[in-house]
Amino acid sequence: ENKEQKFVYDFTEGNRDLKDLLGGKGANLAEMTNLGLPVPPGFTITTEACKVYLDSGTEPGALRDEVSAHLDALEKKMGKKLGQADDPLLVSVRSGAKFSMPGMMDTVLNIGLSDASVAGLAQQAGDERFAWDSYRRLIQMFGKTVLDVDGELFEDAIDAAKAAKKVKTDIELDAADLKKLVKAFKKIVKAEAGREFPEDPREQMDLAIKAVFDSWNTERAILYRRQERIPGDLGTAVNVCSMVFGNLGPDSGTGVAFTRDPASGHQGVYGDYLQNAQGEDVVAGIRNTVPLADLEKIDKKSYDELMQIMETLETHYKDLCDIEFTIERGTLWMLQTRVGKRTAGAAFRIATQLVDQGLIDEAEALQRVNGAQLAQLMFPRFDDKAATELLGRGIAASPGAAVGKAVFDSYTAVKWSRSGEKVILIRRETNPDDLNGMIAAEGILTSRGGKTSHAAVVARGMGKTCVCGAEEIEVDTKRRRLTVGDVVVEEGDTVSIDGSSGKVYLGEVPVVPSPVVEYFEGRMHAGADDADELVGAVHRVMAYADRVRRLRVRANADNAEDAARARRFGAQGIGLCRTEHMFLGERRELVESLILADTDEEREAALAELLPLQKKDFVELFEAMDGLPVTVRLLDPPLHEFLPDITELSVRVALAESRKDANENDLRLLQAVHRLHEQNPMLGLRGVRLGLVIPGLFTMQVRAIAEAAAERRAAKADPRAEIMIPLVGTVQELELVRDEAEQVIAEVQAATGSDLGLALGTMIELPRAALTAGQIAEAAEFFSFGTNDLTQTVWGFSRDDVEASFFTAYLEKGIFGVSPFETIDKDGVGKLVRDAVTAGRETRPDLKLGVCGEHGGDPESVHFFHEVGLDYVSCSPFRIPVARLEAGRAAA
Ligand code: ADP
Ligand code: MG
Ligand code: MG
Numbered sequence: 003e004n005k006e007q008k009f010v011y012d013f014t015e016g017n018r019d020l021k022d023l024l025g026g027k028g029a030n031l032a033e034m035t036n037l038g039l040p041v042p043p044g045f046t047i048t049t050e051a052c053k054v055y056l057d058s059g060t061e062p063g064a065l066r067d068e069v070s071a072h073l074d075a076l077e078k079k080m081g082k083k084l085g086q087a088d089d090p091l092l093v094s095v096r097s098g099a100k101f102s103m104p105g106m107m108d109t110v111l112n113i114g115l116s117d118a119s120v121a122g123l124a125q126q127a128g129d130e131r132f133a134w135d136s137y138r139r140l141i142q143m144f145g146k147t148v149l150d151v152d153g154e155l156f157e158d159a160i161d162a163a164k165a166a167k168k169v170k171t172d173i174e175l176d177a178a179d180l181k182k183l184v185k186a187f188k189k190i191v192k193a194e195a196g197r198e199f200p201e202d203p204r205e206q207m208d209l210a211i212k213a214v215f216d217s218w219n220t221e222r223a224i225l226y227r228r229q230e231r232i233p234g235d236l237g238t239a240v241n242v243c244s245m246v247f248g249n250l251g252p253d254s255g256t257g258v259a260f261t262r263d264p265a266s267g268h269q270g271v272y273g274d275y276l277q278n279a280q281g282e283d284v285v286a287g288i289r290n291t292v293p294l295a296d297l298e299k300i301d302k303k304s305y306d307e308l309m310q311i312m313e314t315l316e317t318h319y320k321d322l323c324d325i326e327f328t329i330e331r332g333t334l335w336m337l338q339t340r341v342g343k344r345t346a347g348a349a350f351r352i353a354t355q356l357v358d359q360g361l362i363d364e365a366e367a368l369q370r371v372n373g374a375q376l377a378q379l380m381f382p383r384f385d386d387k388a389a390t391e392l393l394g395r396g397i398a399a400s401p402g403a404a405v406g407k408a409v410f411d412s413y414t415a416v417k418w419s420r421s422g423e424k425v426i427l428i429r430r431e432t433n434p435d436d437l438n439g440m441i442a443a444e445g446i447l448t449s450r451g452g453k454t455s456h457a458a459v460v461a462r463g464m465g466k467t468c469v470c471g472a473e474e475i476e477v478d479t480k481r482r483r484l485t486v487g488d489v490v491v492e493e494g495d496t497v498s499i500d501g502s503s504g505k506v507y508l509g510e511v512p513v514v515p516s517p518v519v520e521y522f523e524g525r526m527h528a529g530a531d532d533a534d535e536l537v538g539a540v541h542r543v544m545a546y547a548d549r550v551r552r553l554r555v556r557a558n559a560d561n562a563e564d565a566a567r568a569r570r571f572g573a574q575g576i577g578l579c580r581t582e583h584m585f586l587g588e589r590r591e592l593v594e595s596l597i598l599a600d601t602d603e604e605r606e607a608a609l610a611e612l613l614p615l616q617k618k619d620f621v622e623l624f625e626a627m628d629g630l631p632v633t634v635r636l637l638d639p640p641l642h643e644f645l646p647d648i649t650e651l652s653v654r655v656a657l658a659e660s661r662k663d664a665n666e667n668d669l670r671l672l673q674a675v676h677r678l679h680e681q682n683p684m685l686g687l688r689g690v691r692l693g694l695v696i697p698g699l700f701t702m703q704v705r706a707i708a709e710a711a712a713e714r715r716a717a718k719a720d721p722r723a724e725i726m727i728p729l730v731g732t733v734q735e736l737e738l739v740r741d742e743a744e745q746v747i748a749e750v751q752a753a754t755g756s757d758l759g760l761a762l763g764t765m766i767e768l769p770r771a772a773l774t775a776g777q778i779a780e781a782a783e784f785f786s787f788g789t790n791d792l793t794q795t796v797w798g799f800s801r802d803d804v805e806a807s808f809f810t811a812y813l814e815k816g817i818f819g820v821s822p823f824e825t826i827d828k829d830g831v832g833k834l835v836r837d838a839v840t841a842g843r844e845t846r847p848d849l850k851l852g853v854c855g856e857h858g859g860d861p862e863s864v865h866f867f868h869e870v871g872l873d874y875v876s877c878s879p880f881r882i883p884v885a886r887l888e889a890g891r892a893a894a
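The opening position of the sequence shown corresponds to residue 3 in full-length UniProt numbering, with each subsequent residue numbered one higher.
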């Protein structure tokens, strides 16, 4: 604890940039105060004071005196003392962390009221009912949030008072009723908290401040922080704000407002107002609010002033703001503002609207949106107009719109999906045993667990729709059904889950394609209606991003169709064409004979048959990407992947043998499967190693690429092929493959008489490759960082296993905040990338550098790749717009 440290700031001393110290609410109250807006005076106790308290268990020594000094000043300004019997100053004590956090302590209003001052308040206001209403609210809020009394008990007492009087609403209770209620409330406090309600105003305030500090560590707050990845050590500020009263009669009230519609972004009058009410009455839904526009009729002066202030705030913050205000007998007071939350669509609209209004420039507009929002806009969505019964709501864990039949166990999920049914796997929570069911299901729904639960992590990894932690839903696995209230959903009933909103529906909700994808596909253009307007905004923001970004964006695609779509989505080439997909289907037999070949002749014959097929694939691909680079990766996976499953084949052969009609080919296949079987195929015979031990395999592929390029050249087209060698660990491997490849290329060039301009390069996906990048660059014209394998080998994680087995535990223990397969691990894997970039360029200044792992489409990783100076990222076609946007954001 530093002696010089200042723990309390008057609202006149702070500003909006001090959110770390004053919390969001405090910083913005100060900002509004300094803008000259009507904010009731007050002061903010810093997050630093909270941190000292949380670390040491006691408030910093200097805090009490500082609070006293600020309270003195406040009392002077207001001309009355806290709790003063004949005319009490009352304050609210309000929590306010850097990020707004549900689950933190509620605000306590009317602090300073007591048996001694309630009459003084009544006298001053000329309203006895109001004074007793304020007092009962204080005891209720204080009891509930500071003394931990069950809030229901107070609500029950209010209901009892209303019932006794045969009235429906609280405003029908008069001063005498409320006086009795105060008595009853005090009894409840005494009985439940084991102490009297404190009559001393300063004690009320001090206890409330401490309760705000303590609320940082409530279970709900901790859970929320973990889900939202908010650090646990920020602490909360505490705001002490002099009270203004919205419950002083019909010319008073309280409301909330937005400077523009948080759903559409449109400017207008959006909000709710409640006459003769205090604090949370508006959102609590106790009485019916009126639309904000009605305030114009109720109190034109305050309404006009509010509109003026809203414009001031928008111009000042240059963004959508949300607002909490109170009117006390015709005087407007601002109690809170902040840059408001908005839907993904509104983020794009608002960004472009603000550009049009001249409030922000294009670079700033790019900071107002992000790739996650764009990705959200690209998922197919439920047609809201056709939505069926809402069953419940959980955490939007992995986006998408999934419809299927409810199943409650993994076995049924697999069985039903094999017979062609679409299923939604519903579990209380999932564990590694559910993996097969999760793969088989259209979507996953759980009633427990948050964003880092097993279901959420695994579903995100698989790109599968998931809603988790839908707590109203009771999952009964034994009886194969779920219940929500009296609604029962049996196995086989259709449900629809929305992984973008967390909503769960009974029945089938129709799915409509995203207008944003329709636009990228070229099937929709900006126009006048609502969807078109969104498309127009996206179009403009993408144009800003494309103008400023330095990173180029390529696609991972291995057929002409994907390549064409990628191009429509803005791809500037192919960064990874996997050739293994060209060996599947009916070509599998050819691959089998290649693997089974006993003699050179047999092998060469198999390769000769594969050559024209491969060549045709490449011709189509180069055509779809004409004029743009296409990086073709030579065969990478272990060969056993092309052979039948070892168990299935063993059973088949054993059965056949027992019938004495074993097939010669099956026997040979089984031998080969045994021969090729590896304990760790991921670290076994694959990548460049295949090229080196299977004569003719890589040269066949290189020939196919070269001949395809030559054919395109002959057709006056512009093929730009790059040949990429996978899994290189040492420059010697690369040199050997390179020599052979160059020879083949020279032959094809000589035969066709054209210079094919083929580049040869390698993937950097083994730690040794990264560590010796300087040497490898001597033989490589380009590097493509294969960050999936690099992450596997740097961490020693088998991606196929660990996400489902122990990543949940790792995320929960905070070992990492997000899977390193999702966002690049900057300190470890990222360091290797960074060093390899430097070493590679030292050897070969014009070395081309890219990345082709999943990370190429991950927003945070794209920023990292921009920063380390790669030339391009490559990602799946659907992630291309996201990568373009984030590359623009990184450069802006
Ligand atoms: P939250 O963070 O939950 O929004 P606030 O601290 O903003 O909590 O308080 C909730 C509501 O209580 C405010 O919107 C406002 O209506 C009321 N309130 C808070 N402080 C005061 C005050 N000094 N005077 C009048 N009403 C207040
Ligand atoms: Mg508030
Ligand atoms: Mg790899």
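The beta carbon of each residue, even a glycine, is placed where N, CA and C say it ideally should be.
With 16 other Cβ atoms within 10 Å as the buried cut-off, status of residue i
i       : result
Ala-847 : As written in the sequence, residue 847 is Pro, which differs from the Ala given in the question. Counting Cβ neighbours within 10 Å, Pro-847 comes out exposed, since fewer than 16 surround it.
Gln-125 : exposed
Lys-343 : exposed
Ser-660 : exposed
Val-864 : buried
Gln-378 : buried
Ser-58  : exposed
Asp-301 : buried
Phe-101 : exposed
Cut-off 8 Å between Cβ atoms - residues of its own chain near residue i, not counting five sequence neighbours on either side
i       : result
Gly-832 : Ile-826, Phe-866 and Val-870
Beta-ladder partner(s) of residue i, from DSSP
i           : result
Tyr-275     : Gly-257 and Val-292
Pro-631     : Arg-722
Arg-554     : Tyr-874
Arg-429     : Thr-448
residue 913 : Summary: the structure shown does not reach residue 913, with the chain confined to residues 3 through 894, and so no result is reported for it.
Ile-766     : Phe-787
Glu-476     : Thr-485
Close beta carbons around residue i, own chain, < 6 Å, minus the five adjacent residues each side
i       : result
Ile-475 : Gly-394, Ser-449, Leu-484 and Val-486
Asp-720 : Asp-628 and Gly-629
Arg-891 : Leu-368
CB contact flag (residue i, residue j, <7 Å)
i           : j       : result
Thr-317     : Asn-30  : no
residue 895 : Val-550 : With the chain covering 3 to 894 only, the question about residue 895 has no answer from this structure.
Asp-179     : Ala-163 : yes
Pro-879     : Ala-568 : yes
Phe-187     : Ile-113 : no
Ala-566     : Leu-623 : no
Asp-283     : Leu-294 : no
Phe-350     : Val-540 : yes
Leu-315     : Tyr-305 : no
Val-371     : Val-543 : yes
Glu-709     : Pro-631 : no
N- and C-terminal bounds of the beta strand (DSSP E) containing residue i
i       : result
Trp-335 : 333-341
Arg-131 : First-last for Arg-131: 130-143, but that is the alpha helix (DSSP H), not the beta strand (DSSP E).
Arg-881 : Element bounds for Arg-881: n/a, residue is neither H nor E.
Range covered by the alpha helix (DSSP H) that runs through residue i
i       : result
Ile-311 : 302-319
Leu-702 : The residue you asked about is not Leu; residue 702 is Met in the sequence shown. Met-702 -> alpha helix (DSSP H) spans 699-716.
Glu-330 : Note, Glu-330: premise wrong, no alpha helix (DSSP H); beta strand (DSSP E) at 323-330.
Asp-158 : 153-167
Ala-210 : 203-217
Residues of its chain near residue i, where Cβ-Cβ distance is below 7 Å and the 5 sequence neighbours each way are ignored
i       : result
Leu-613 : Met-702, Arg-705 and Ala-706
His-268 : Arg-262
Cys-579 : Ala-559, Asp-560, Leu-623, Val-632, Thr-633, Val-634 and Arg-635
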